[in-house]
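Scroll down for the structure; my scribbles are underneath it.
Protein chains: 2
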Amino acid sequence: MSENLREVVGRVLPAPENHLSPELLEQARKARRSFMAKALAMGAGAVAAGKAVAAPEGEDAILKLPEHTTGLGQPVAARGYGMPSKWEANLQRRESPGLTRVSQASVSFTPLQGLFGIITPSGLHFERHHQGWWDIDPSKHRLMIHGDDGLIKRPRVFTMDELMRLPSVSRIHFLECGANTAMEWGNVAVPTVQYTHGMCSCSEWTGVLLSTLLDMCGIDRKRAKYVLAEGADGSSMTRTIPIELALDDVIVAWGQNGEMLRPENGYPLRLIVPGVQAVSSVKYLRRIEVGDKPWGTKDESIHYIDLLPNGLHRQYSGIQECKSVITTPSGGQTLLDRGYYNISGLAWSGRGTIKAVDVSVDGGRTWRPARLEKPILPKAFTRFNFDWVWDGKPAILQSRAIDSTGYVQPKINQLRAVRGTRSIYHNNAIQSWLVSENGEVSNVQVY
Amino acid sequence: MSENLREVVGRVLPAPENHLSPELLEQARKARRSFMAKALAMGAGAVAAGKAVAAPEGEDAILKLPEHTTGLGQPVAARGYGMPSKWEANLQRRESPGLTRVSQASVSFTPLQGLFGIITPSGLHFERHHQGWWDIDPSKHRLMIHGDDGLIKRPRVFTMDELMRLPSVSRIHFLECGANTAMEWGNVAVPTVQYTHGMCSCSEWTGVLLSTLLDMCGIDRKRAKYVLAEGADGSSMTRTIPIELALDDVIVAWGQNGEMLRPENGYPLRLIVPGVQAVSSVKYLRRIEVGDKPWGTKDESIHYIDLLPNGLHRQYSGIQECKSVITTPSGGQTLLDRGYYNISGLAWSGRGTIKAVDVSVDGGRTWRPARLEKPILPKAFTRFNFDWVWDGKPAILQSRAIDSTGYVQPKINQLRAVRGTRSIYHNNAIQSWLVSENGEVSNVQVY
C-alpha cells in the first residue's frame, strides 16, 4: 500500500452498509447525528460544570461484555443446511413488479450491490422463467439425443444415473440474460445495480461435455451444423445452437456451485452454453436434436432478437459481448462521508477472458487501470477493485472492460448509433453512477 | 473421447445415486429387481397366450406427460433466497454423535460424497465450534489492532463499515480442521468420506489483507515476529501466527462465496490463514495483537499438537500438508453394475498448488495420472477425474497427490513410522476404498 493511501485510509469514517436495509442505514445516520450533537452538548456542558462525562449511548453498550462473549452459543446441526445471518435478510433476489403479466414468466434479479468476488451464491442466482419453475423428480427425468438422416447414428435416452457416471468437467462461467440492462436502451435509468445488471450471475458448473454425449451417440461431425436444445417445462423452450459451440465448451450440467442444480435453475439437468445469452442454457433439459439448419423456433424468431434502426431484426446474436459494471458504490447507496473508498465491480465477456478494466471518476474524461482479482477465467466474472478518495464533490463513476480479443466496452451513444433505441437485448454499454454532494449515488446516462 | 471409452460408455447401466438417500437407493434396487422379474415373467406368459404385454410400472409413468410439461410452475420469488431441491434433502452436513460431550463444542461434516467441483456450498461448509455459534450484530462488532513496545505505532479499533471500505481481495482457499481424518490414525475405519475427510471445505473469501491493516496501524516490520488472533465468542479462541504468514496472504474476511460470512463460519468477521489448520482462521475475529514471541495459549499448548512416539509433543505444526481423497465412488456408496465410472476426487496442499494426482485401482501397485480440472489455485481444492471400467472384481481405489514443492502424499504406514499411532492431528495419508464384488464400497487401510 502506498504511503498516500495509508494516510487517507488512516482517516476513514463510517461507510455505507452495503448489506443492511435502508431502514437500518437511516437509523445509523440518525444515531450518528444524534450522537455527535449529544457528545458536543454534553462535552461542553460537563466540562463547564466540572462533572465527569457519561459515555454516550451506543458506546456504553460496546463496553459491556456482550452475551456472545460470556454465554454458550448454538450447537452444530445434527443434520442441517445453513442459511445466511438474520442481519443479511435484506440481501435477496427481487422481482421487478409489473415487468411481466404473471410471476411465472418473470424475473428475479441478483443483488450485485451486496456481493463480493466472482461466485454468486446459488440462493441469489437470478431467475428467468417462461412458465414457472419445477422441482422435477430426478429418477424420472430423461435426456434424449437424436438426429435425422444419419446425423446421429445411435439415438439414445439417458437417465440421470447414466449421465452422472460419465467423464465430467467443472468450470466457472457467467450466465447473463440477453435482456440484462434492457431498460437503459430507452433512457429509463432504473435506480439500482440489482435492476440494471442483476440478470447476470456466475457459478461453478459440473457436468458432461455435450461433445462427449454427441460422440457417444455417433454424431456425423462432417454434416452436422446445429443442435436444438429443448426443456421439459411447460414453455418447451427450444434454442438452436451452432455446432462449433456445441462441440466446444457446452456442458450438460447437473452441478452448480458444488451441489446439484437449484430447482429454479433447471434441476436436475441444464445445458450451459458459456458466453451466450442465458436463454440458450436450456433448463430442465430433456432433448438434444442434431440437424443441418437453424430451427427458427418461436423463442428465436419473435423473442431475443434485436430491432435495428432500418426496421430489420437481427437474429441469432446471442454472444454476450464484453461488459462491466461498478457494483459498489452503486445506485441507491450512500457515501456517509468523504475519504477513501474501494470501488469494486465485475467484468465479463462471452468471447474470452478480461484483459483489463479501466475506471473513471470524472464521467469518462480520464481513466486509470483497476486491479483484477484472480482467477481470471474465460467467460466468467472477473472482480476488479480500484482505490478512490472522494473529495465530497459530485463525481461520475464508470468502468470500461477490454477482453482478450481487444474489444473495448462501448459508450451507450456508440451502441445507439448502430442499434438505435428500440432494442431490448444485448446492451453492454458503460454504466455511469453519479455521486452527489450529499453522498447519494444514482443512475445517470453519460453520452 | 477414445474409441475404447466410447464403447464402454455405450454400455453403461444405472449407477449409484450419490444424491439420493439410502432408502431411495434401496427402493431403486428393489424396483429394478422386481421390474426385471416381472418383465421376464409377463413377457413369457403374454407371448405364450398371444396377448399384448402391458408396460411395467414405472415405464408407464414415464410415457405419460408429466405435470411439469403441461402445467404452470412456481412463480419467481418477489423477494427470496433459494434452497436446494426437495430431492436433495439427504445431502446435509452431519454431526458425529458422541464425538464431543456437548454439541456446542462439536463438529458437523461436509458431505463430500455428493459434491462437485471445488466450491463448497456455504450451507454445507463444515462446522467446528468451541463454545457454540452466534449471529453477532455487525453494527456492534469491532476489531482492535494493537501491540506493546511500539510494535504497533497507531493502535486502533475498527468498525465493520471502516473495514469494508478498505482495499479488498477475493481468493479461493480451502479450510481444513487439523483433526480431519483423525480416526484413521488408530485403525478406526469410519464408513464414509463425509466422516473421514468432511472437516475440509473450500470457499471464495473476500476481505482486506491483514498486511494492509498492520501497515495502516504502523507495524514495526523489523521487530514484529508473531501476531495473536482472538475471537469474540465464549471460547476466546486465541492463536499465534508467524509474522511471515501474517504479512503474506492472511485475509481479514467478511465475504464467503460471494455473500457475507455465514454465522457458523464467524459472521461478521473471520481471519483466513490460507494453508494452515482451520483453528487459526479465528472466527468472530475481534483482536489482533503484534508481539515478538509465541503466546503459547491453551489452544496451542494442549490442543492441536502432535504426540510423537518418543513421548514429546510437536507444537505449531499447523501447515496442512498435501492430501487428496476420492469422493466418488467412496465408502457407503454402491456400484449397481460393472462398466464405466468417472472416479472423482479432491486434492489440496497448504504449501502451494497441486501439480499432479495419480489414481490406483489395485491398492497402489500401479498408478495412472488423473485429469485436473481448472482453475488450479494455491491452497485451494483441485478437482480431479479419472476414467475407470469396473470389471466386477474386487478393487482398491486410491489417490495420491503431488504439490508444487514436489512433496508426495504418503501412505499411512510411512506416516506412522515417523509419528506413531497416538496422534489426533495432521493425518494426510492416502485413503483406500475397497470395492467388493457386490459393488459395495468400504473404508480399508492398506499398508
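If you're matching them up, the sequences are chains A and B in order. Per full-length UniProt numbering, the very first residue in the first sequence carries number 1; after that it's consecutive. Per full-length UniProt numbering, the very first residue in the second sequence carries number 1; after that it's consecutive. Glycine included, each C-beta is placed from N, C-alpha and C at the ideal position. Source: prediction; values computed, not measured.
Asked	Found
Residues near M183(A) in its chain [Cβ-Cβ closer than 6 Å; skip 5 each side]	V190
Cα-Cα separation between Q409(B) and K323(B), rounded to whole angstroms	6 Å
Minimum Cβ-Cβ distance from G442(A) to chain B less than 8 Å	The question names Gly, but residue 442(A) in the sequence shown is Ser. It does not: the Cβ of S442(A) has no partner Cβ on chain B nearer than 8 Å.
Beta-carbon proximity of P349(A) to E373(A), cut-off 8 Å	The sequence as given places Ser at residue 349(A); Pro does not occur at that position. Cβ atoms of S349(A) and E373(A): not closer than 8 Å.
Proximal residues of chain B, C-beta to C-beta of Q131(A) below 7 Å	L72, G73
C200(B) versus S139(A) - alpha carbon distance	30 Å
Per DSSP, the bridge partner or partners of M260(B)	G255(B)
I272(A) versus G392(A): straight-line alpha-carbon distance, rounded	45 Å
For L143(A), three-class secondary structure by DSSP	strand
Burial state of S301(A), where buried means 16 or more other Cβ atoms lie within 10 Å	exposed
Bridge-paired residues (DSSP) for G339(B)	W390(B)
Chain B contacts made by the segment 250–280 of chain A, where a contact means CB separation under 7 Å	G255, N257, G258, E259, M260, R262, P263, E264, Y267
Range of the contiguous alpha helix (DSSP H) that encloses I412(A)	412–419
Closer than 8 Å to chain A by CB, R32(B)	A caution first: R32(B) carries a pLDDT of 44, below 50, which makes its placement in the model too unreliable to give a value.
Three-way DSSP call (helix, strand, coil) for T334(B) in this model	strand
Any 3 or more C-beta pairs closer than 8 Å across the segment 80–87 of chain A and the segment 254–270 of chain B	yes
Residue environment, P369(A), which counts as buried when at least 16 other CB atoms sit within 10 Å	exposed
Extent of the continuous beta strand (DSSP E) to which L397(A) belongs	395–403
Option nearest T69(A) by Cα separation, candidates W134(B), T70(B), F109(B)	W134(B)
Residue-chain proximity (I354(B), chain A), Cβ-Cβ < 8 Å	no
Bridge partner(s) assigned by DSSP for D299(A)	BP columns for D299(A) are empty, so no partner.
Residues in the segment 156–168 of chain B having any Cβ partner in chain A nearer than 7 Å	T159, D161, E162, M164, R165, L166, P167, S168
Interface residues of chain B facing N385(A) [CB-CB closer than 7 Å]	P167, S168
T69(B): first and last residue of the uninterrupted alpha helix (DSSP H) it sits in	67–70
Rounded separation between S108(B) and S103(A) - CA only	38 Å
Cβ pair C177(B), A278(B) closer than 8 Å	yes
Endpoints, the alpha helix (DSSP H) within which residue 459(B) is located	Residue 459(B) falls outside the range modelled here, since chain B spans only 1 to 447, and no answer is possible.
Minimum Cβ-Cβ distance from E176(A) to chain B less than 8 Å	no
Three-state class that DSSP yields for P168(B) in the structure shown	According to the sequence provided, residue 168(B) is Ser. The question's Pro does not apply to it. Of the three classes helix, strand and coil, the one that applies to S168(B) here is coil, per DSSP.
Contacts around T297(B), its chain only, beta-carbon distance under 8 Å, and the 5 residues preceding and following it disregarded	L228, T238, R239, T240
Of the residues V169(A), T120(A), K225(A), the one placed nearest I152(A), counting alpha carbons only	K225(A)
Whole-number beta carbon distance between G364(A) and D403(A), since they are thought to touch under 8 Å	19 Å between Cβ atoms; not a contact.
Straight-line gap, L124(A) to A417(B) (C-alpha atoms, nearest Å)	49 Å
Own chain, CB closer than 7 Å to N443(A), minus 5 neighbours either side, in chain order	A189, V190, P191, T196, G331, W433
Secondary structure of A44(A), DSSP reduced to three states	Reliability fails at A44(A), whose pLDDT of 34 lies under 50, so the model's placement of it is uncertain and no value is given.
S360(A), buried or exposed, once every other Cβ within 10 Å from all chains shown has been counted against 16	buried
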